[in-house]
Structures are given as C-alpha cells and as structure tokens.
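Peer 1: The numbers in the sequence shown follow the working numbering, run straight up by one, and end at 409.
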Amino acid sequence: MDSVKDVTVNLKVAGGVGHSISNHNVLHPSAIKRVQKHAFYAFERTNSFKNNSKTLPKPMQMLALSPELCGKIIQFTSHRRRDLLALCLTCKAFQREAEARIYAQLMFSDPRRALQACTTVVHNERLALHVRMFCFNQEGTRHPVDLGREFWLILQRALINMSNLEILILCDNTYMNGWVLDNPAIQFHLQECKLRFRWEAPVIRFLQHQDELRSLYLYDPLDDLSQALPQGALPVLQMFEGTFLVGMQVVRSPITHMQAMIDVEAASTLALLPRLAHLKKTLRGLNLVDVMEEISIPALELITRALPDLRHLGLFSYPMTNRHEFHKYLLPMHNLRSIELDVSRWNPPPSVPSGQRALACELQTFCSKIDKVLFWTGTSRFRWIYTTHWMHRVETTQHNAWATV
Numbered sequence: 005m006d007s008v009k010d011v012t013v014n015l016k017v018a019g020g021v022g023h024s025i026s027n028h029n030v031l032h033p034s035a036i037k038r039v040q041k042h043a044f045y046a047f048e049r050t051n052s053f054k055n056n057s058k059t060l061p062k063p064m065q066m067l068a069l070s071p072e073l074c075g076k077i078i079q080f081t082s083h084r085r086r087d088l089l090a091l092c093l094t095c096k097a098f099q100r101e102a103e104a105r106i107y108a109q110l111m112f113s114d115p116r117r118a119l120q121a122c123t124t125v126v127h128n129e130r131l132a133l134h135v136r137m138f139c140f141n142q143e144g145t146r147h148p149v150d151l152g153r154e155f156w157l158i159l160q161r162a163l164i165n166m167s168n169l170e171i172l173i174l175c176d177n178t179y180m181n182g183w184v185l186d187n188p189a190i191q192f193h194l195q196e197c198k199l200r201f202r203w204e205a206p207v208i209r210f211l212q213h214q215d216e217l218r219s220l221y222l223y224d225p226l227d228d229l230s231q232a233l234p235q236g237a238l239p240v241l242q243m244f245e246g247t248f249l250v251g252m253q254v255v256r257s258p259i260t261h262m263q264a265m266i267d268v269e270a271a272s273t274l275a276l277l278p279r280l281a282h283l284k285k286t287l288r289g290l291n292l293v294d295v296m297e298e299i300s301i302p303a304l305e306l307i308t309r310a311l312p313d314l315r316h317l318g319l320f321s322y323p324m325t326n327r328h329e330f331h332k333y334l335l336p337m338h339n340l341r342s343i344e345l346d347v348s349r350w351n352p353p354p355s356v357p358s359g360q361r362a363l364a365c366e367l368q369t370f371c372s373k374i375d376k377v378l379f380w381t382g383t384s385r386f387r388w389i390y391t392t393h394w395m396h397r398v399e400t401t402q403h404n405a406w407a408t409v
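1. Going by alpha carbons, who is nearest to residue 180 out of 190, 403, 327, 152?
2. Return helix, strand or coil for residue 156, following the three-state DSSP convention.
3. Is the separation between the beta-carbon of residue 172 and that of residue 138 shorter than 7 angstroms?
4. Any chance the segment 233 to 246 sits against the segment 196 to 216, with 3 or more Cβ pairs inside 8 angstroms?
5. What does the alpha-carbon distance come out to for the pair residue 252 and residue 230?
6. If you compare alpha carbons, which of 293, 125, 92 is closest to residue 246?
7. Quick one: residues in its chain with C-beta nearer than 8 angstroms to the C-beta of residue 314, no 5 flanking neighbours on either side, listed in chain order?
8. Taking the beta carbon of residue 373 as the centre, do at least 16 other beta carbons fall within 10 Å, making it buried, or is it exposed?
9. Is it the case that the Cβ atoms of residue 111 and residue 132 are separated by a distance below 7 angstroms?
10. Provide the residue span of the alpha helix (DSSP H) that contains residue 304, from first to last.
11. When DSSP builds the beta bridges, which residues end up paired with residue 399?
12. Within this structure, are the beta carbons of residue 353 and residue 391 separated by less than 7 angstroms?
13. Taking its Cβ as the centre, do 16 or more other Cβ atoms sit within 10 Å of residue 28, making it buried, or is it exposed?
14. Determine whether the beta carbon atoms of residue 321 and residue 355 lie at a separation below 7 angstroms.
15. Please identify the residue among 350, 384, 389 whose C-alpha is closest to the C-alpha of residue 364.
16. Pick out whichever of 121, 323, 143 has its Cα sitting closest to the Cα of residue 348.
17. Can at least three beta-carbon pairs, one atom from the segment 112 to 126 and one from the segment 89 to 102, be found at a separation below 8 angstroms?
18. Could you please give me the residues that DSSP links to residue 350 through a beta bridge?
19. Exposed or buried, what is residue 257 when buried is set at 16 or more other beta-carbons lying within 10 Å of its beta-carbon?
20. If you draw a straight line from the alpha carbon of residue 344 to that of residue 405, how long is it in whole angstroms?
21. Determine the extent of the beta strand (DSSP E) in which residue 175 is found, giving its start and end residues.
22. Measure how close the beta-carbons of residue 141 and residue 197 come, nearest whole angstrom, since I'm counting them as under 8 angstroms.
23. For residue 221, which residues of its own chain have a beta-carbon under 8 angstroms away from its beta-carbon, when the five flanking residues on both sides are left out?
24. Is the beta carbon of residue 282 less than 7 angstroms from the beta carbon of residue 407?
25. Exposed or buried, what is residue 79 when buried is set at 16 or more other beta-carbons lying within 10 Å of its beta-carbon?
26. From what residue to what residue does the beta strand (DSSP E) around residue 318 run?
27. At which residue ranges does the segment 96 to 135 contain complete alpha helix (DSSP H) runs of 4 or more residues, listed in the order of the chain?
28. Using the DSSP secondary-structure output, state which residues sit across from residue 197 in a beta bridge.
29. Note the first and the last residue of the continuous beta strand (DSSP E) segment covering residue 264.
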C-alpha cells in the first residue's frame with residue numbers, strides 16, 4: 005500500500021486531470037469534513053454500527069466500511085473531483101475506490117501535465133490499471149510544438165502499463181511519431197480510437213491488432229494507397245471518420261456509419277467510390293465532405309448504385325437549377341430518411357423559412373420517407389424536421405446526423 009506521502013504525490017498529479025486544483029484545495033479541511041459527513045450518513049443508514057446508534061463512529065471505524073458502501077459514497081461525490089481527492093486522504097478504503105474514479109479518464113492538452121501523469125502511471129502499475137480513457141490533444145492550442153522523442157518514449161511506456169484502456173485519443177501535430185504505437189508490449193484492446201498520425205507501417209501494425217475496435221477517427225492526407233491494412237483487420241469496426249483514402253482501407257469491415265473527407269482528385273474519387281459496394285449490407289449513414297461540385301451528380305449516381313439502402317446521405321452540393329437529374333438518382337433510395345445538402349453557392353440563397361421549406365418539400369416528393377433535411381449556407385446549418393409539418397432551427401453546435409441514423 006502507498007504511504008500517505010506517496011498518496012499525496014499521486015493526488016497532485018490527479019488534481020490536474022481535467023481540472024486545475026491546487027494543493028491547498030486538495031487538502032482543505034472543509035472538503036474532508038463534508039466527505040466524512042456523507043460517509044457517516046451512509047454508514048448510519050446501513051444499521052451496521054457495532055456500538056449504540058446514537059454514538060458517532062470514530063474516524064478509524066470508517067475503515068470497516070464494506071467496498072459496496074464505499075462505492076456508493078464515491079458515486080455520490082464523483083461529480084466533485086475535489087471531494088474525490090479529499091476522500092483519498094480519509095482512509096485506505098476510500099482511497100481505493102476514489103482513485104479508480106480519478107484515474108479512469110486522463111485528458112490533457114498541456115504537455116507538461118500529460119508528461120507528469122504519464123510518469124505517475126509508468127511508476128505505479130496499480131493506478132495504470134484504472135485508466136479506461138487517455139486523451140492527449142493539442143489541436144486547440146495556439147502554438148503546438150515538437151515535444152521531442154523523450155516525451156513520446158514516456159507516453160509509450162505509460163500506454164504499455166494501461167492494459168485496461170478502452171478509449172485512446174492521441175494527436176501528433178508533427179506526424180513523425182507513429183512509432184509510439186508500435187510496441188508488442190502494448191496489450192490493451194480499444195473500443196474507440198482517434199488518431200492524428202501519418203498512415204504508415206507502425207500505425208497499421210497497431211490497428212491490425214485492435215480486434216475489438218468499433219470506432220476509428222484517423223486524419224492523414226494521403227497521396228496513395230501503398231500502405232494497406234491486411235485482410236481481416238478491424239473485424240468489428242462500425243464507425244469511421246477521416247480522410248477518403250484511409251476510409252477505402254476499411255470497407256471490408258462491417259461499417260455502419262462513415263464520414264470521409266475527399267482528399268484526392270475528381271477522377272480518383274469517381275474511380276474509388278464503387279468500392280463502397282462492399283458496405284451495401286451494413287452502411288446506414290454516409291457523409292462525403294468537400295465533394296467537388298463538378299462531380300456531384302456522377303458521384304451521387306455511383307453511390308445510388310452501390311448503396312441503395314442508405315438512411316442518411318450527405319454532403320452534396322444541391323443544384324440551383326436543373327435539379328431533375330439529382331432527383332432521378334434519389335428515386336431508388338427508398339429507405340433514405342435524412343439528407344445533408346450545401347446551398348452556399350446559390351445566389352441569392354434560399355430564403356428562411358419559406359425557400360428552404362419549399363426545397364424540403366421538393367426532396368420529400370422524390371423520397372417519401374425523408375423527414376430530416378439539413379441545409380448548409382456557408383458556416384450556418386439549418387435543420388428541418390418533419391412530423392406533421394416541416395419545422396426548422398438554426399444549429400449552433402455540430403450535430404453528426406450521419407452517425408445517428
């Protein structure tokens with residue numbers, strides 16, 4: 005068991021996980037008293053006092069609390085990280101339960117905090133076993149820097165210890181450190197993975213061993229398909245989001261939802277789209293981002309032939325005039341419930357609400373099951389929903405319609 009000194013050191017690291025909590029706050033007496041009060045009330049409700057029920061239990065008596073009761077108390081205070089940190093210093097029974105909650109999710113954008121947490125996990129395998137989600141993401145930082153090989157070596161050692169990891173979000177802005185994932189000592193089996201790494205042999209070897217992975221986001225602008233996943237890799241993958249060429253690597257998996265950013269020339273896009281036919285039996289939602297307007301109709305024709313049972317389709321440029329050909333390729337899609345269209349190039353743009361309502365009714369004429377239409381005008385998105393009549397709202401937050409059908 006850790007000594008009190010060791011526990012305090014670990015809590016200094018944990019206090020920085022997702023929140024900025026000073027040592028003074030961690031050890032504040034009022035927080036400890038509040039937690040002890042909750043513990044006493046829970047203890048009293050169990051009617052398990054050995055002494056008279058009117059006699060307050062001494063602090064040491066809380067050591068006899070059952071794991072189930074400790075878990076209930078931890079659950080009650082789990083939304084207040086300060087209280088969880090205080091519970092760790094109350095007694096060993098609470099420490100075990102609270103640490104599991106504190107270390108379950110480690111999320112960082114600051115490299116210094118990430119390095120400190122990884123160092124703790126490297127030197128304490130017991131804490132590493134609690135980690136279910138690890139995130140290091142500098143995408144929102146103004147000035148991401150090259151973190152150096154030593155940083156990634158320590159992070160790799162931490163990943164080796166996190167054998168129960170289920171969700172991994174890891175971004176390398178230099179696209180130079182894919183080797184961090186290529187270590188046979190990494191034993192976890194992920195369910196969800198978001199990576200910003202170059203599509204290269206180390207990353208491919210890592211992914212081919214993730215036989216329980218269900219959701220994958222991987223962004224890397226590729227130039228060719230020279231690096232390929234081996235056949236049979238990712239056998240249960242259901243959701244993919246990333247670049248189009250990487251998406252073409254996973255069409256042998258049972259994908260149900262896909263969003264792919266077109267990252268190749270028009271001719272290559274049209275040549276590769278028929279590969280989506282491998283997903284005919286499973287794919288429900290498809291979004292293709294940045295489809296060039298000049299190939300919008302040919303691309304729609306290929307998708308209609310390959311995937312006639314789609315329930316969501318996007319993101320295509322909707323013609324301002326001569327839409328009959330667009331409608332012709334929608335007719336065979338009898339199960340289509342949702343469609344996402346770009347009308348940014350219309351001049352003038354369709355008016356809100358009357359113009360967009362008319363367009364929604366027009367689309368429903370050709371696909372009778374459509375009850376959701378999303379129109380993009382620049383960076384604004386309008387969501388139209390049909391119940392007994394069409395209603396709309398302007399969306400201020402991103403909603404992935406392709407992932408919810």
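We treat Cβ as the ideally placed atom computed from N, Cα and C, and that holds for glycine.
Peer 2: On the basis of the data shown:
1. 152
2. helix
3. yes
4. yes
5. 12 angstroms
6. 293
7. 287, 288, 289, 290, 307, 337, 339, 340
8. exposed
9. no
10. 300 to 310
11. 385
12. no
13. Confidence at residue 28 is low in this model, with a pLDDT of 35, below 50, so its placement is unreliable and the value that follows should be read with caution. With fewer than 16 other Cβ atoms within 10 Å, it is exposed.
14. no
15. 389
16. 323
17. no
18. Bridge partners of residue 350: none, in fact.
19. buried
20. 8 angstroms
21. 171 to 175
22. Not a contact, Cβ separation roughly 13 angstroms.
23. 197, 198, 199, 244, 245, 246
24. no
25. exposed
26. 316 to 321
27. 96 to 106, 115 to 127, 129 to 132
28. 172, 220
29. 261 to 265
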